[in-house]
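Colleague: Residue numbers (the working numbering), protein chains in the order written: chain A, 43 to 200; chain B, 304 to 460. Shown below is the structure under consideration.
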Amino acid sequence: MTRLHERGPAQIEANLTPMIDITFLLVVFFVVVSTISEVESVEMELPKPQPTASAPPPEQTRSVLNVLPDDDGEATGYRLNSVEYPLGPTGIGALRTALIPMLRNNPELRINLRADRRTTQKHIAPLLNAITEANTSSGNQTPARVNLVVVTRRNETE
Amino acid sequence: MREPRKVRRQTPRVGLNLTPMIDVVFQLLIYFLLATNFALGEQVFRMDLPERGGSTMMNDPFDIPEEPLRIKVLSIATERETLSVTLPPQYPRPGDLAELERFLAENRSGDTIGLFLADHPIQIVPSPETRWEHVVDVFNAVIRAGYRSVHFSDPEP
């Protein structure tokens with residue numbers, strides 16, 4: 043037997059390591075993204091102004107404030123990041139208290155306000171007032187920054 | 304006597320069977336691919352909320368604050384276009400959002416002389432029962448007309 047065939051026939055194997063690496067990266071990416079989406083995106087019908095002058099969200103630190111809707115779009119509560127607050131003065135007061143340290147630690151913080159298109163202003167105005175008051179109480183010298191979230195489609199933007 | 308033949312033993316190969324792990328990882332990948340809901344098409348209107356009374360906005364104590372243009376908004380019905388927009392009585396009442404936008408754009412000081420500068424304070428005053436989409440529609444019309452200082456305000460009691 044020649045030296046070449048001493049070890050028997052050659053084995054052909056696919057090296058799976060790079061594929062596993064990439065697959066794991068993808069899984070980690072989707073786990074992280076889906077967690078963020080769950081915190082930020084409450085299912086609702088956002089306003090859709092047409093033609094719109096809105097812009098893509100800026101790359102800044104943000105917190106998401108959702109006005110939770112029922113089936114008819116009327117507000118049932120608020121959610122700041124992942125914490126829910128009830129409607130009414132108690133909930134608004136707790137929300138304001140939660141906002142103060144956030145705005146104190148990060149004066150540049152932008153608050154993304156997401157509300158259903160059918161929600162009435164009586165549930166949104168107290169929120170805006172609470173943000174203003176929290177910003178004042180946090181000692182910021184700049185106005186509170188809010189992003190009003192709307193939905194649009196790429197081919198409808200100008 | 305013949306010497307027994309030496310049996311040549313190969314060392315057993317120790318290998319990790321990765322197939323079940325790859326199966327599970329692919330299952331996870333497909334699950335997250337299908338379950339992830341990206342916020343596609345979401346955009347924002349930027350708005351600053353000035354402090355009530357405007358004390359932090361006044362850099363110069365001798366500045367005379369400009370009287371804001373107050374636009375009252377009221378939802379008449381649940382349909383998209385059914386809203387009522389009212390300007391102060393000295394200005395014509397716009398019939399719809401397009402008329403409001405045209406009025407604001409024509410009276411903005413830019414290339415021509417107009418009533419309002421682009422940073423003139425505009426206050427949108429929705430009634431408590433106004434739907435959020437109508438408030439945003441008016442906000443959008445004001446921004447499209449070229450104004451930069453747009454805020455919300457509560458109705459006067």
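Even glycine gets a Cβ: it sits at the ideal position worked out from N, Cα and C.
For B:Arg316, which of helix, strand or coil comes out of DSSP?
Modeller: Locating residue 316 of chain B in the second sequence gives position 13, counting from the first residue. Here B:Arg316 sits in coil by DSSP.
Colleague: Could you check the C-alpha separation between A:Glu198 and B:Gly318 for me, to the nearest Å?
Modeller: Taking the first residue of the first sequence as 1, we reach residue 198 of chain A at position 156. Taking the first residue of the second sequence as 1, we reach residue 318 of chain B at position 15. Below a pLDDT of 50, predicted positions are generally treated as unreliable, and A:Glu198, at 42, falls in that range; the measurement from the model is reported next regardless. Whole-angstrom Cα-Cα distance: 56 Å.
Colleague: Can you list the residues of chain A that B:Asn443 reaches, using a CB-CB cut of under 9 Å?
Modeller: On the second sequence, position 140 is the one that residue 443 of chain B refers to. Pro89, Pro91, Gln92, Pro93, Thr94, Ala95, Ser96 and Val192, listed in chain order.
Colleague: Answer with yes or no whether the minimum CB distance from B:Arg405 to chain A is below 8 Å.
Modeller: For the purposes of this step, residue 405 of chain B is taken as the residue at position 102 of the second sequence. False, the Cβ-Cβ gap to chain A never drops below 8 Å.
Colleague: Taking only three categories from DSSP, how would you classify A:Asp158?
Modeller: Taking the first residue of the first sequence as 1, we reach residue 158 of chain A at position 116. Coil.
Colleague: On the DSSP bridge assignment, give the partners of B:His454 in chain order.
Modeller: Position 151 of the second sequence, counted from the first residue, corresponds to residue 454 of chain B. According to DSSP, B:His454 bridges with B:Gln426.
Colleague: For the beta strand (DSSP E) that A:Asn250 lies in, which residues bound it at each end?
Modeller: Absent from the structure is residue 250 of chain A, since the part of chain A shown begins at 43 and ends at 200.
Colleague: When the Cα atoms are used, what is the spatial distance from B:Phe329 to A:Asp63?
Modeller: Indexing the second sequence from 1 puts residue 329 of chain B at position 26. Indexing the first sequence from 1 puts residue 63 of chain A at position 21. Going from the Cα of B:Phe329 to the Cα of A:Asp63 covers about 12 Å.
Colleague: How close, in whole Å, do the beta carbons of B:His454 and B:Pro429 come, if the pair is a contact with beta carbons under 8 Å?
Modeller: Position 151 of the second sequence, counted from the first residue, corresponds to residue 454 of chain B. Position 126 of the second sequence, counted from the first residue, corresponds to residue 429 of chain B. Between B:Pro429 and B:His454 the Cβ distance is about 12 Å, and since that is not below 8 Å, they are no contact.
Colleague: With a cut-off of 8 Å, does the C-beta of B:Gln426 fall near any C-beta of chain A?
Modeller: Taking the first residue of the second sequence as 1, we reach residue 426 of chain B at position 123. Judged by the 8 Å Cβ criterion, B:Gln426 is not in contact with chain A.
Colleague: A:Asn148 to A:Pro89, Cα distance in whole Å?
Modeller: Translated into the one-based positions of the first sequence, residue 148 of chain A becomes position 106. Translated into the one-based positions of the first sequence, residue 89 of chain A becomes position 47. Taking the straight line joining both Cα atoms gives about 28 Å.
Colleague: Can you say whether B:Thr322 is buried or exposed, counting buried as having 16 or more other CB atoms within 10 angstroms of its CB?
Modeller: Start at 1 with the first residue of the second sequence, and residue 322 of chain B comes out as number 19. Exposed, since its Cβ has fewer than 16 Cβ neighbours within 10 Å.
Colleague: Please list the partners that A:Ser76 has in chain B, where partner means a Cβ-to-Cβ separation under 7 Å.
Modeller: Within the first sequence, residue 76 of chain A is the residue found at index 34, counting from 1. Going along chain B in sequence order, the residues near A:Ser76 (Cβ under 7 Å) are Phe335, Ala338 and Thr339.
Colleague: So A:Ala176 packs on A:Ile166, CB below 8 Å; how close in whole Å?
Modeller: By one-based count along the first sequence, residue 176 of chain A stands at place 134. By one-based count along the first sequence, residue 166 of chain A stands at place 124. Their Cβ separation, rounded to whole angstroms, is 16 Å, which puts A:Ala176 and A:Ile166 out of contact at 8 Å.
Colleague: Taking the C-alpha atoms as reference points, what is the distance between B:Glu369 and B:Leu336?
Modeller: On the second sequence, residue 369 of chain B is found 66 positions in, with the first residue counted as 1. On the second sequence, residue 336 of chain B is found 33 positions in, with the first residue counted as 1. Approximately 53 Å between the Cα atoms of the pair.
Colleague: Let me know if A:Asn57 comes out buried or exposed under the rule of 16 or more other beta-carbons within 10 Å of its beta-carbon.
Modeller: In the first sequence, counting from the first residue as 1, residue 57 of chain A sits at position 15. Answer is exposed; the Cβ neighbour count stays below 16.
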